[in-house]
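In my numbering, the protein residues as written are 1 to 301.
Written out as structure tokens, the structure is:
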């Protein structure tokens, strides 16, 4: 694991927040068509079908999957079963600005969890980079009017998003821990490594979805729009984003990678400009400079 940011690594870490921003837009679009936890289950069930032709060998005896099932079950719980399910659930009672604001605390949680549980050192430059990056996110969320942040009120959805952010932080750290003990033929193949997690993640998310349907009367409004949305969230934010995020975290570590996640609200704002007809503003450019400045500062030795 190296802390140098090469062009290929930067691209690898920019792709996930771009796709995650699209995931938020699409998730909001279909939130009345499908229950939130069921949406997460359907998303990953489709992703599993996509991955099967590329890495079904992991189910054979001797592949190492069943020997290390506990590790993959934990990764599947945190990265597949919990994060997006909690995010979709958060959007049921919280506003997008609150949810994104809570998610913007990712670098802080990543630094704190790494320091408390994984023996990671936190440098003053990383702390300063976190402050710059979060300032950029806050600028986007407030649309250049800092007083708007004072009007925010926490609701249960904000707590769900906080739990999601913590789960993702732990997941990212676990990706780098114990990797030398992972089965080589699974770890060396990105599709196999992701399928190993998704296999257990689908079981987790399926159990959570069953609980969702047991607690309340749920309905799915099937349509071509919903079908297209499911394909997008399964291929882009799930398979492609997880592939890029996992590889990027292994290259530079969770602390540095976390700062790239703060590009998500900026991309979301740009997508709103493109699809909702809202023109970009000066604060978008200032926010981009702050976020990138935080990434550059935190990555320096």
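Where a beta carbon is used, it is the ideal one built from N, C-alpha and C, also for glycine. The structure displayed is predicted, hence computed values, not measured ones.
Original post:
Around the C-beta of residue 106, are 16 or more other C-beta atoms found within 10 angstroms, so that it is buried, or is it exposed?
Top reply: buried
**OP:** Give the straight-line distance between the Cα atoms of residue 200 and residue 76, rounded to the nearest whole angstrom.
**Re:** 5 Å
**OP:** Report the three-state DSSP secondary structure of residue 181 (helix, strand or coil).
**Re:** helix
Original post:
With 16 as the cutoff for other CB atoms within 10 Å, does residue 245 come out buried or exposed?
Top reply: buried
Original post:
On the three-pair Cβ rule with 8 Å, is the stretch 187 to 207 touching the stretch 113 to 125?
Top reply: no
Subject >> residue 216 - DSSP class collapsed to helix/strand/coil >> reply: coil
**OP:** Assign residue 150 to one of two classes, buried (16 or more other C-beta atoms within 10 Å of its C-beta) or exposed (fewer than that).
**Re:** exposed
Subject >> Nonlocal neighbours in the same chain, by C-beta distance under 8 Å from residue 115, ignoring five residues either side >> reply: 121 and 122
Original post:
Can you list the alpha helix (DSSP H) stretches of 4 or more residues lying completely in the stretch 19 to 101, in chain order?
Top reply: 36 to 55, 69 to 75 and 83 to 93
**OP:** Report the rounded CA-to-CA distance for residue 194 versus residue 242, giving the unit in angstroms.
**Re:** 8 Å
Original post:
Considering only C-alpha positions, which residue in the set 290, 43 and 6 is nearest to residue 209?
Top reply: 43
Original post:
Taking DSSP as the reference, what is the three-state secondary structure of residue 118?
Top reply: coil
**OP:** Return the first residue and the last residue of the alpha helix (DSSP H) that residue 253 is part of.
**Re:** Unbroken run through residue 253: none, as it is neither H nor E.
Original post:
If you draw a straight line from the C-alpha of residue 247 to the C-alpha of residue 6, how long is it?
Top reply: 13 Å
Subject >> Neighbourhood of residue 271 by C-beta, 8 Å cutoff - its chain only, sequence neighbours within 5 removed >> reply: 21, 22 and 25
**OP:** Let me know if residue 219 comes out buried or exposed under the rule of 16 or more other beta-carbons within 10 Å of its beta-carbon.
**Re:** exposed
**OP:** Rounded to whole angstroms, what's the CA-CA distance from residue 253 to residue 281? Just pull it up for me.
**Re:** 33 Å
**OP:** Take the Cβ of residue 12 as the centre, count every other Cβ of all protein chains shown within 10 Å, and call the residue buried at 16 or more, exposed below.
**Re:** buried
**OP:** Check residue 111 in the structure and name its three-state DSSP category.
**Re:** helix
**OP:** Would you kindly report the start and end of the unbroken alpha helix (DSSP H) that includes residue 226?
**Re:** 224 to 233
Original post:
Per DSSP, what kind of secondary structure is residue 189 in: helix, strand or coil?
Top reply: coil
**OP:** Put residue 9 into one of helix, strand or coil per three-state DSSP.
**Re:** helix
**OP:** Taking only heavy atoms of the ligand PLP into account, decide whether any of them is closer than 8 Å to the Cβ of residue 32.
**Re:** The ligand content of the structure shown is nil, which means the ligand PLP is not present either.
Original post:
What's the gap between the Cα of residue 211 and the Cα of residue 17?
Top reply: 30 Å
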